[in-house]
Amino acid sequence: MIYKRSSALFAEAQKVIPGGVNSPVRAFKAVGGDPIFVTEAKGAYLYDEDGNKLIDYINSWGPMILGHAHPPVVNAVIDKAKRGTSFGMPTEIETEIAALAVAMVPNIDKIRFVNSGTEACMSAVRLARGYTGRDKIIKFAGCYHGHSDSFLIQAGSGAVTFGSPNSPGVTKGTAQDTLLARYNDLSNVESIITSNPEEIACIIIEPVAGNMGCIPPKKGFLEGLRTLCDTHNILLIFDEVMTGFRLAKGGVQELFGVDADIVTFGKVIGGGLPVGAFAARSEIMNHLAPLGPVYQAGTLSGNPLAMAAGLAMLTELNANPNIFTSLADKTAYLHKGIAEALDANNIVYTINRTGSMISVHFAEDPVVDFESAAKGNNDRFKKFFHGMLDQGIYIAPSAFETWFITEALTYKDLDDTITAVAKVAKTL
Ligand code: KE4
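Okay, here's the thing in C-alpha cells:
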C-alpha cells in the first residue's frame, strides 16, 4: 500500500507539533515508518489520505465499540451542537447519563465526569488519598492510567515504547509515593502492603490489563486484592477506562464478580468525544467538592456535546446487552483463526483474550505480566504490523497494546483478517 500523502502530511505536522502527533503512541515509533493520516472512518473501516481502506482494530483506542460515525451518536452530537456546545453551567443531560451509568455499573451511587481517562484516574487517586488520609498508592508495572505524574512509574502503553517508563519531569517526591507491584502476583502485593503499614491509600489496577497487550487477571487475583484491601483498609480502584462498558454492561465488576471501591471510565463512555469519569458509593464520592474537601474541577467537564455522544452510546449498549456476547464471539472467532494461521507456519506466539480485547504476542511463554510481555520478539511484531498494514488491516502499532473489536466488524472482515495473517505469517 502507498502512504505518500500520509508521509508528506507527517513531515508538515512535525514542524508545528512535537513528533507530529498529539499522543506519542500514534507516531509508529514502536513499529517504525510514518504514521497513517486518516481522512474519515465509517463502521469498521478507516479511509486514509492515500485512498486506502483499512479494517480498524484500534477504533480510536476503544471508544468506537459500535463502529465509527455510528449514526445515533453522530445525530445526537449534531442536534446538541445546534443548541450550543458548553455553558459551564449544569444541564439535565449530565444527570441523564449519570443516572444511566449508575444503573449499569455495580457498586456506584454517584459519578463525576471529566475530560479524559487520565483526569479520571488522577482524580480517583486524589479522592482515595483524601478519603483515607494516606499518601501512598500501589500500581502495577506495565499498567497505564494516563500521564499524571503519580502513574508514570513503570507505566505501560506508549511509556514502555519509549523506554522511559519513568518519565523525566516526575519528581522524586511524587515517585516515592507510588509503589510498584507485579501484575498477577498477590504475594508481591501483600509484601508491599506489610512493608508500608497504614500508609497505602489505594491499589489502582487495570482489572483486565490492556497496556502490556491484553493480560487477563489470573484466577483469584482480583478476589485476592479485594481481600487485602478489606483487611488493610485500602481502597481498590478499578481503572476501567478500557474495560468499562466494553467487557460487559457493568464492566469487570460484573464480568468477574469482584467489587471495586472506585471505578474510572473513559473511551466508550464518551462515544468518541473527550469524556472520562470516576464513580463510587456515596460515602466516598461525597468527599468531593463542593460537598466535601477533596477538590476536583474542569471547565468542560460534563459539557452537553460530549454528554450527548456518551448518552447515545450508553443508551444503545444498555438496551442491547447481547452486543457484549456478539463482540466476545467475534473475538473468539478471530482468536481461533489467527492461531490456526500462525500454527500452520510454525510461528511461536501466545494470544491473550478477554471479551472484545485481544493481543498477539510473539513470545514462547504465557504473557501474564509486564516482564513476560517484554520478552516478546519485537522485531517479529514490527514485521507482523507492517505486513498486516500492507494487507489493509490496521492493528495496534505496538506490542504493548490491545486490539479493540468493534461490533461493526462482519464475519467476512474477520475472515479477511485471518487470510491476511496467513499471508503475513509466511514472511515472519
Ligand atoms: P486518556 O487520558 O488517554 O483518555 O486515558 C488514559 C488511560 C487510562 N487508563 C487506561 C486503562 C488507559 O488505557 C488509558 C489510555 N489508553 C491509551 C491506549 N493504551 C490511549 C492511547 C494514547 O495514549 O494515545
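If you want my numbering, it's the 1-based position in the sequence shown plus 1. Each residue gets a CB set at the ideal place from its N, CA and C atoms; glycine is no exception. Being a predicted model, the structure only gives us computed values, none of them experimental.
Problem set entry | DSSP state of Phe114 mapped onto helix, strand, coil | For this step, residue 114 is matched to residue 113 along the sequence shown. Annotated three-state conformation of Phe114 is strand, per DSSP.
Exercise. Taking just the CA atoms, how far does Lys43 sit from Gly68?
Worked result: Numbered from 1 along the sequence shown, position 67 holds the residue referred to as residue 68. Numbered from 1 along the sequence shown, position 42 holds the residue referred to as residue 43. Distance between the alpha carbons of Gly68 and Lys43: 7 Å.
Exercise. Mind checking Phe382: buried by the 16 CB within 10 Å criterion, or exposed?
Worked result: The sequence position of residue 382 within the sequence shown is 381, counting from 1. Within a 10 Å sphere around the beta-carbon of Phe382 sit 16 or more other beta-carbons, which makes this residue buried.
For this session: At 4 residues or longer, and completely inside the stretch 163 to 218: list those alpha helix (DSSP H) runs for me, N to C.
Result: With a minimum length of 4 residues, the continuous alpha helix (DSSP H) runs that stay inside the stretch 163 to 218 are 173 to 176 and 187 to 196.
Exercise. From Pro294 to Ala129, what distance separates their C-alpha atoms?
Worked result: To locate residue 294, count along the sequence shown from 1; it is residue 293. To locate residue 129, count along the sequence shown from 1; it is residue 128. Their Cα atoms are separated by approximately 12 Å.
Exercise. Distance, Cα to Cα, Pro367 vs Phe222?
Worked result: Translated into the one-based positions of the sequence shown, residue 367 becomes position 366. Translated into the one-based positions of the sequence shown, residue 222 becomes position 221. The C-alpha of Phe222 is placed about 16 Å away from the C-alpha of Pro367.
Exercise. Based on Cα-Cα distance, which residue from Ser360, Arg282, Pro275 and Ala329 lies nearest to Ala307?
Worked result: Stepping through the sequence shown from its first residue, residue 307 is reached at position 306. Of the listed residues, the one whose Cα sits closest to Ala307 is Pro275.
Exercise. Looking at the structure shown, is Val74 part of a helix, part of a strand, or coil, going by DSSP?
Worked result: In the sequence shown, counting from the first residue as 1, residue 74 sits at position 73. Helix, per DSSP.
For this session: With hydrogens ignored, establish whether the beta-carbon of Tyr145 is closer than 7 Å to any heavy atom of the ligand KE4.
Result: As a working mapping, residue 145 is identified with position 144 in the sequence shown. Yes, the ligand KE4 has a heavy atom inside 7 Å of this Cβ.
Exercise. Does the Cβ of Arg27 lie closer than 7 Å to at least one heavy atom of the ligand KE4?
Worked result: The residue given as residue 27 occupies position 26 in the sequence shown. Yes, Cβ of Arg27 sits closer than 7 Å to a heavy atom of the ligand KE4.
Problem set entry | Leu119 CB to nearest heavy atom of the ligand KE4 below 7 Å | As a working note, residue 119 is residue 118 in the sequence shown. A small fix is needed here, since residue 119 is Thr in this sequence, not Leu. Remark: the C-beta of Thr119 is in contact range of the ligand KE4, defined as less than 7 Å to any heavy atom.
Exercise. Where Trp404 and Ala290 are concerned, what is the direct C-alpha to C-alpha distance, given to the nearest angstrom?
Worked result: Translated into positions along the sequence shown, residue 404 becomes position 403. Translated into positions along the sequence shown, residue 290 becomes position 289. Computed Cα separation, rounded: 37 Å.
Problem set entry | Host alpha helix (DSSP H) of Glu93 (start-end) | Taking the sequence shown and counting its residues from 1, one reaches residue 93 at position 92. Taken as a continuous stretch (DSSP letters only), the alpha helix (DSSP H) holding Glu93 covers Glu93 to Met105.
Exercise. What three-state label does DSSP hand Tyr395 in the structure shown?
Worked result: As a working note, residue 395 is residue 394 in the sequence shown. It is a strand residue.
Exercise. So what's Thr86 in DSSP terms, helix, strand or just coil?
Worked result: Here the question's residue 86 lines up with position 85 in the sequence shown. Of the three classes helix, strand and coil, the one that applies to Thr86 here is coil, per DSSP.
Exercise. Who pairs with Ala280 in a beta bridge, going by DSSP?
Worked result: Counting from 1 along the sequence shown, the entry for residue 280 is found at position 279. DSSP lists Ile112 and Val264 as partners of Ala280.
Exercise. Among the residues of its own chain, which have a CB less than 8 Å from the CB of Leu415, if the five just before and after it don't count?
Worked result: Walking along the sequence shown from the start, residue 415 turns up at place 414. Excluding sequence positions up to five before and after Leu415, its CB lies within less than 8 Å of the CB of Lys331, Tyr334, Leu335 and Gly338, all in the same chain and listed in chain order.
Exercise. By Cβ distance below 7 Å, which residues in the same chain neighbour Thr420 in space, the five residues on each side in sequence not counted?
Worked result: For the purposes of this step, residue 420 is identified with residue 419 of the sequence shown, where counting begins at 1. Here the set comprises nothing.
For this session: May I ask you to check if the CB of Cys203 is nearer than 7 Å to at least one heavy atom of the ligand KE4?
Result: Here residue 203 corresponds to residue number 202 of the sequence shown, with the count starting at 1. It does not: the Cβ of Cys203 is nowhere closer than 7 Å to a heavy atom of the ligand KE4.
Exercise. Hey, how far is the Cα of Glu199 from the Cα of Asn353?
Worked result: For the purposes of this step, residue 199 is taken as the residue at position 198 of the sequence shown. For the purposes of this step, residue 353 is taken as the residue at position 352 of the sequence shown. Computed Cα separation, rounded: 36 Å.
For this session: Along the alpha helix (DSSP H) that carries Ile1, what are the first and last residues, could you check?
Result: In this structure the chain extends from 2 to 429, so residue 1 is not present and cannot be described.
Exercise. Of the residues Gly271, Gly89 and Thr244, which one's Cα is nearest the Cα of Gly299?
Worked result: By 1-based counting over the sequence shown, the position of residue 299 is 298. For Gly299, the nearest C-alpha among the options comes from Gly89.
Exercise. If we call anything under 8 Å between Cβ atoms a contact, is Gly63 one with Lys384?
Worked result: Numbered from 1 along the sequence shown, position 62 holds the residue referred to as residue 63. Numbered from 1 along the sequence shown, position 383 holds the residue referred to as residue 384. Not closer than 8 Å, so no.
Exercise. Exposed or buried, Ala210, counting other C-beta atoms within 10 Å across all chains shown (16 or more means buried)?
Worked result: Here residue 210 refers to the residue found at position 209 when the sequence shown is read from its first residue. Per the 10 Å Cβ criterion, buried.
For this session: Hey, could you find the ends of the beta strand (DSSP E) Tyr48 is sitting in?
Result: Reading the sequence shown from its first residue, position 47 is the one you call residue 48. Tyr46 to Asp49 is the span of the beta strand (DSSP E), which, as asked, contains Tyr48.
Problem set entry | Closer than 7 Å: Cys215 CB and nearest the ligand KE4 heavy atom | Numbered from 1 along the sequence shown, position 214 holds the residue referred to as residue 215. The answer is no for Cys215.
Exercise. Would you say the beta carbon of Val361 comes nearer than 7 Å to a heavy atom of the ligand KE4?
Worked result: For the purposes of this step, residue 361 is taken as residue 360 along the sequence shown, with counting starting at 1. No.
Exercise. Rounded to a whole number of angstroms, what is the C-alpha to C-alpha distance between Gly164 and Ser8?
Worked result: Counting from one through the sequence shown, the residue named residue 164 turns up at place 163. Counting from one through the sequence shown, the residue named residue 8 turns up at place 7. Only weak support exists for where Gly164 lies, its pLDDT of 44 falling under 50; the value from the coordinates is given anyway. Rounded to whole angstroms, Gly164 and Ser8 show a C-alpha spacing of 25 Å.
Problem set entry | Ser360, enclosing beta strand (DSSP E) - first and last residue | Sequence index remark: in the sequence shown, residue 360 carries index 359 (1-based). For Ser360, the uninterrupted beta strand (DSSP E) segment begins and ends at Met358 to His362.
For this session: Measure the Cβ-Cβ separation of Ala31 and Ser399 and say whether it is below 8 Å.
Result: Translated into the one-based positions of the sequence shown, residue 31 becomes position 30. Translated into the one-based positions of the sequence shown, residue 399 becomes position 398. Cβ atoms of Ala31 and Ser399: closer than 8 Å.
Exercise. What's the C-alpha gap between Leu187 and Ala121?
Worked result: For the purposes of this step, residue 187 is identified with residue 186 of the sequence shown, where counting begins at 1. For the purposes of this step, residue 121 is identified with residue 120 of the sequence shown, where counting begins at 1. Distance between the alpha carbons of Leu187 and Ala121: 26 Å.
Exercise. Quick one, are the C-beta atoms of Gln254 and Val106 less than 8 Å apart?
Worked result: The residue you call residue 254 lines up with position 253 of the sequence shown. The residue you call residue 106 lines up with position 105 of the sequence shown. Result yes, Cβ atoms of Gln254 and Val106 sit closer than 8 Å.
Problem set entry | Span separating the alpha-carbon of Met314 from that of Thr428 | Taking the sequence shown and counting its residues from 1, one reaches residue 314 at position 313. Taking the sequence shown and counting its residues from 1, one reaches residue 428 at position 427. Between the C-alpha atoms of Met314 and Thr428 there is a straight-line separation of about 40 Å.
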